[in-house]
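Reviewing the structure listed below.
This is the structure in structure tokens:
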């Protein structure tokens, strides 16, 4: 009995010690490996139902880190859904159907997850959270009205569930479309699944992307985030 009591006390002390070393993810700006940082690049899917499309409301996203062999070992975010049809910002498509169109897409909801072994590690096994704001700027290249290519970048913000005072902004500077079912291209292997708005992988239509130039910035939520004005957006895509 005495040994059992001592063991119980020792276990309690150990658990309390572990808890005392846990904390919110470490603040800092963490860049992806292609920029010389420790964050893995990513792979991304957008999915839609029959009659939908990448620029239309109802499209649901799913993004996961990629270390060259494994998805989602370091970070992921998923299940944000496009709340309305994309806003056309720039249109250079001519009467022959050649040129570019840039859209701003706004997504609602969704979740994030960071591994507790990432560069932000501070004692917790992982850091789940909720997406607060997510905007994507997608440029589609048309040739004879066929959307032959697309690139994108992302600006978003999230909060951590266990640490509501800690926020993360994340920027994807370079997204390149790899495939789209709109052109009869099936999703390649080792890309995140096509999610429906209920977060289930039931959709069969969508597009797959590679994400590089990733920056995750973790900071106190009291530090304001810079709002994007309409004039600022126009200036980015009218040069």
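Residue numbers (our numbering): 7 to 245. Idealized CB from N, CA, C, for every residue including glycine.
- In the three-state DSSP reduction, residue 187 falls in the helix class (H, G or I).
- Ranked by Cα distance from residue 50, the options 195, 92, 228 are led by 195.
- Within the same chain, 185 come within 8 Å of residue 192 by CB-CB distance, once the 5 residues on both sides are set aside.
- Nearest to residue 52 by C-alpha distance, out of 220, 209, 221, is 209.
- By the Cβ criterion, the stretch 213-227 is in contact with the stretch 168-185, since at least three pairs of Cβ atoms, one from each stretch, lie closer than 8 Å.
- Per DSSP, residue 167 lies in no beta strand (DSSP E) and is assigned neither H nor E.
- Residue 91 and residue 67 do not touch by the CB rule: their CB atoms are close to 16 Å apart, not below 8 Å.
- Around the C-beta of residue 150, fewer than 16 other C-beta atoms lie within 10 Å, and the residue is accordingly described as exposed.
- Partner residues in a beta bridge of residue 200, as assigned by DSSP, do not exist.
- Listed in chain order, the non-local C-beta contacts of residue 73 below 8 Å within the same chain comprise 46, 79, 80, local neighbours out to five positions each way being set aside.
- By the criterion of a C-beta distance shorter than 8 Å, residue 131 is surrounded in its chain by 122, once the five residues flanking it on both sides are discounted.
- For residue 202, the closest of 87, 115, 107 by C-alpha to C-alpha distance is 87.
- Excluding residues up to 5 positions away in sequence, 112, 114 lie with their Cβ nearer than 6 Å to the Cβ of residue 89 in the same chain.
- DSSP links residue 68 through a beta bridge to 51, 84.
- In the DSSP assignment, residue 147 falls within the unbroken beta strand (DSSP E) covering 132-149.
- By the C-beta density criterion, residue 170 is exposed, having fewer than 16 other C-beta atoms within 10 angstroms.
- Here residue 40 carries a helix assignment [DSSP, helix/strand/coil].
- If you draw a straight line from the Cα of residue 98 to the Cα of residue 106, it comes to about 5 Å.
- When beta bridges are read from the DSSP output, residue 57 appears opposite no residue.
- If you ignore the 5 residues before and after residue 32, its C-beta comes within less than 8 Å of the C-beta of 125, 126, 127, 128, 224, all in its own chain and listed in chain order.
- Residue 120 is positioned such that its CB atom lies no closer than 8 Å to that of residue 109.
- In the DSSP assignment, residue 119 falls within the beta strand (DSSP E) that extends over 117-121.
- The shortest C-alpha to C-alpha distance from residue 154 to any of 140, 56, 188, 117 is the one to 188.
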